[in-house]
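Engineer: Position 138 of the sequence shown, counting from 1, maps to 197 under our numbering, and the rest follow consecutively. This is the structure I have questions about; it appears just below.
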Amino acid sequence: MKTEHSRELFIRAKKVIPGGVNSPVRACKSVGCDPLFVSSAKGCMVTDADGNSYIDFVGSWGPMILGHAHPDVLEAIAETAPLGTSFGAPTPLEVELAELVCDSVPSLEKVRFVNSGTEATMSAVRLARGFTGRNIVVKFDGCYHGHADSFLVKAGSGVITLGIPGSPGVPEGIVKNTLSIPYNNPEELEKTLRAKADDIACVIVEPVAGNMGVVVPDMKFLQTLRAVTAELGIVLIFDEVITGFRLALGGAQERFDILPDLTCLGKIIGGGLPVGAYGGKQEIMDQVAPDGPVYQAGTLSGNPLAMAAGLAMLKVVRKPGFYTELEEKSTWFAGELARIAAGADVPTVLNRIGSMMTCFFTDGPVTDFTSAMQANTERYGRHFRQMLAGGVWLAPSQFEAAFISAAHDRTHLEKMLTLTESSFKKMVV
Ligand SMILES: *Cc1c(COP(=O)(O)O)cnc(C)c1O
60 MKTEHSRELF
70 IRAKKVIPGG
80 VNSPVRACKS
90 VGCDPLFVSS
100 AKGCMVTDAD
110 GNSYIDFVGS
120 WGPMILGHAH
130 PDVLEAIAET
140 APLGTSFGAP
150 TPLEVELAEL
160 VCDSVPSLEK
170 VRFVNSGTEA
180 TMSAVRLARG
190 FTGRNIVVKF
200 DGCYHGHADS
210 FLVKAGSGVI
220 TLGIPGSPGV
230 PEGIVKNTLS
240 IPYNNPEELE
250 KTLRAKADDI
260 ACVIVEPVAG
270 NMGVVVPDMK
280 FLQTLRAVTA
290 ELGIVLIFDE
300 VITGFRLALG
310 GAQERFDILP
320 DLTCLGKIIG
330 GGLPVGAYGG
340 KQEIMDQVAP
350 DGPVYQAGTL
360 SGNPLAMAAG
370 LAMLKVVRKP
380 GFYTELEEKS
390 TWFAGELARI
400 AAGADVPTVL
410 NRIGSMMTCF
420 FTDGPVTDFT
430 SAMQANTERY
440 GRHFRQMLAG
450 GVWLAPSQFE
460 AAFISAAHDR
470 THLEKMLTLT
480 ESSFKKMVV
């Protein structure tokens, strides 16, 4: 495999960009290789700067549920761009997208568009604090909600991958107002909420965790969370930045039939362009400026190109049968993967829901941060490198999800399975 162009680009990048990357996990440090620079992508294939092609299971970390460069999305962008790319004024496209998003996600009455998942979670928490007049945010160990200060306490994603316990630059006062407790533990949750009820503004949760690897919630955990927050007047925020438009059209809340007070969206909602959103009950959303006193703004929010891409994407996934087909394909694939894993010498655990999954190199069940941390990351690194050499692009970290898109067909998935089987065989246990 030739990698000279990627290598040259990485040398240049490291001189002018910290670590040579614009988001830490991309540097591939935890899997023991240098990053490949991507030149193009189409469907479920990505091509690097040296012309090598790979079957992609990263999907830009979630957004590409239609695959890369989907013709409808490209056409929407191409039609919109000549009309001007930013006005700083309301546009018809953002109204249309807001209507479709509110119609798709069960708990949304009103929605505000921002430019990233981080902006969405950060704004939702400010709103919850403004609405309740309380300060404490409760989150769960290993969940990731973007890189805003309050969320970096025991966070998932790159924070786990790089083994950073918290982050310098986050003031003590902010850490003091963030409580992080174990995922999937209804008793601990109820105890924490009741003990500090008068000071807790909100609980923010990934309704399926995707950033310590995929961890599926126990229904009792989510039901307790909904019931106790409602009883104590605590705002429940579902961070559906990954699960929104992924696990169902209406996200995890539709799939589990549990409605939060506020929802954060990102990734898929922009069809591959930078869009985030937060929304929920009208009573809470009406506190946002200019209707209410909670300030939040954005020069490029509701950007017409991004809205056009999001609209095109949403129109495709709203077609009848889209999620049924994705579910059937993912179920078949996960079944085959589980069969291969069961026959291998190396112990693995496959966590999967819908089209998102993680194969952990461990032998116990993975239900929370502590059990996820038992995974053998050195083995994952070896698996990652073997898969890459065979033409499959996995996330460069054990603690991330693999995503199946509408563009993966049987041939791609079978090739991935065959390679996985041989990669597991090459592992010296
Ligand atoms: C990716 C992610 C975010 C942050 O979104 P960005 O667009 O990267 O800022 C927040 N929450 C969850 C659950 C995510 O997976």
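Glycine included, every Cβ here is placed at the ideal spot set by N, Cα and C. Quick caveat, the model's predicted, so the values are computed rather than measured.
Would you kindly work out how many angstroms separate the C-alpha atoms of L186 and G329, rounded to a whole number?
Structural biologist: Taking the straight line joining both Cα atoms gives about 23 Å.
Engineer: For ligand 1, is there a heavy atom less than 8 Å away from the beta-carbon of P333?
Structural biologist: Yes, Cβ of P333 sits closer than 8 Å to a heavy atom of ligand 1.
Engineer: Would you identify the three-state DSSP class for L113, choosing helix, strand or coil?
Structural biologist: Reading off the sequence, residue 113 comes out as Tyr, not Leu. Three-state result, Y113: strand.
Engineer: Can you tell me whether P94 is buried or exposed, with buried defined as 16 or more other CB within 10 angstroms of its CB?
Structural biologist: That one is buried.
Engineer: Report yes if the C-beta distance between L321 and G369 is below 9 Å; otherwise report no.
Structural biologist: Not closer than 9 Å, so no.
Engineer: Can you list, in chain order, the residues of its chain with a C-beta nearer than 6 Å to that of F428? Leave out the 5 residues immediately preceding and following it.
Structural biologist: So the list reads D200, G201, M271, once near-sequence residues are dropped.
Engineer: Tell me whether C323 counts as near ligand 1, meaning its Cβ is closer than 8 Å to at least one heavy atom of that ligand.
Structural biologist: Checking every heavy atom of ligand 1 against the Cβ of C323, one is found closer than 8 Å.
Engineer: If you count every other CB in all the chains shown that lies within 10 Å of the CB of V132, and 16 or more means buried, which is it?
Structural biologist: So V132 ends up on the buried side.
Engineer: Hey, G79 and C103 are a contact pair by Cβ (cut 8 Å); roughly how many whole angstroms apart?
Structural biologist: Actually they are not in contact, since the Cβ atoms of G79 and C103 sit about 26 Å apart, beyond 8 Å.
Engineer: For T390, which of H442, I412, V164, F146 has the nearest alpha-carbon?
Structural biologist: The shortest Cα separation from T390 among H442, I412, V164, F146 belongs to I412.
Engineer: Look at the alpha carbon of F280 and the alpha carbon of R71, and state the distance between them as a whole number of angstroms.
Structural biologist: Using only the alpha carbons, I get a separation of about 48 Å.
Engineer: Where are the beta strand (DSSP E) runs, 3 residues long or more, that stay fully inside the stretch 235-301, in chain order?
Structural biologist: The qualifying runs are 237-240, 259-264, 294-298.
Engineer: In the DSSP output, what is V75 paired with across the bridge?
Structural biologist: DSSP output for V75 lists no bridge partner at all.
Engineer: Using a threshold of 8 Å, is the CB atom of G503 nearer than that to any non-hydrogen atom of ligand 1?
Structural biologist: Past the boundaries of the shown model lies residue 503; the chain is included only from 60 to 488, so the question cannot be answered.
Engineer: Thinking C-beta only, is M344 closer than 9 Å to E168?
Structural biologist: Yes; because the gap between Cβ atoms is below 9 Å, this pair is in contact.
Engineer: Going by DSSP, what residue range makes up the alpha helix (DSSP H) through S456?
Structural biologist: Neither: S456 is in no alpha helix (DSSP H) and is coded neither H nor E.
Engineer: If you draw a straight line from the C-alpha of R305 to the C-alpha of G110, how long is it?
Structural biologist: Spanning the two alpha carbons is a distance of roughly 30 Å.
Engineer: Evaluate the contact criterion for the stretch 288-302 versus the stretch 258-278: three or more CB pairs, one atom per stretch, below 8 Å.
Structural biologist: The stretch 288-302, when compared against the stretch 258-278, does touch it at the 8 Å Cβ threshold.
Engineer: Which residue or residues does DSSP assign as beta-bridge partners of D50?
Structural biologist: For residue 50 there is no data in the structure shown, the boundaries of the chain being 60 and 488.
Engineer: Just grab the DSSP bridge partners of K198 for me.
Structural biologist: DSSP, once it has assigned bridges, lists S239 as partnering K198.
Engineer: In terms of residues, what are the limits of the alpha helix (DSSP H) holding M432?
Structural biologist: Run containing M432: none; DSSP gives neither H nor E here.
Engineer: Name the one or two DSSP bridge partners that C418 has.
Structural biologist: DSSP, once it has assigned bridges, lists L409 as partnering C418.
Engineer: To the nearest angstrom, how far is it from the Cα of L396 to the Cα of V273?
Structural biologist: The straight-line gap from Cα to Cα measures roughly 15 Å.
Engineer: Helix, strand or coil, according to DSSP, for R66 in the structure here?
Structural biologist: Three-state DSSP puts R66 in a helix.
Engineer: Using a Cβ-Cβ cut-off of 8 Å (strictly less than) and excluding sequence neighbours within five positions of P149, which residues of its own chain qualify?
Structural biologist: Around P149: G361.
Engineer: Just to confirm, are I301 and G339 a CB contact at a threshold of 9 Å?
Structural biologist: Taking 9 Å as the Cβ cut-off, I301 and G339 do not qualify as a contacting pair.
Engineer: On the three-state DSSP scale, how would you describe G118?
Structural biologist: If DSSP states are grouped into helix, strand and coil, G118 belongs with the helices.
Engineer: Near S216, which residues of its chain fall below 6 Å by C-beta distance, leaving aside the five closest residues on each side in sequence?
Structural biologist: For S216, where only same-chain residues beyond five positions count, the Cβ hits under 6 Å are Y203, N270.
Engineer: Distance, Cα to Cα, L284 vs K198?
Structural biologist: One C-alpha to the other measures close to 12 Å.
Engineer: Beta strand (DSSP E) containing A336: first to last residue?
Structural biologist: Per DSSP, A336 belongs to the beta strand (DSSP E) from 335-339.
Engineer: Would you mind listing the alpha helix (DSSP H) stretches within the stretch 130-157 that are 4+ residues and don't spill past its ends, in chain order?
Structural biologist: 130-139, all fully within the stretch 130-157.
Engineer: Going by C-alpha distance, which of A400, R193, M372 is nearest L156?
Structural biologist: Comparing Cα positions, the closest option is M372.
Engineer: Taking 7 Å as the limit between beta carbons, can you name the residues of its chain near T421, skipping five residues before and five after?
Structural biologist: The answer, listed in chain order, is P406, V408, Q433, A434, N435.
Engineer: Using a Cβ-based criterion (distance less than 8 Å to any ligand heavy atom), does T220 qualify as near ligand 1?
Structural biologist: No, the Cβ of T220 stays beyond 8 Å of every heavy atom of ligand 1.
Engineer: Between the stretch 229-243 and the stretch 375-393, can you find at least three pairs of beta-carbon atoms closer than 8 Å?
Structural biologist: With the cut-off at 8 Å, the stretch 375-393 and the stretch 229-243 do not touch.
Engineer: In the DSSP output, which residue or residues are listed as bridge partners for L324?
Structural biologist: The partner list for L324 (beta bridge, DSSP) reads A336.
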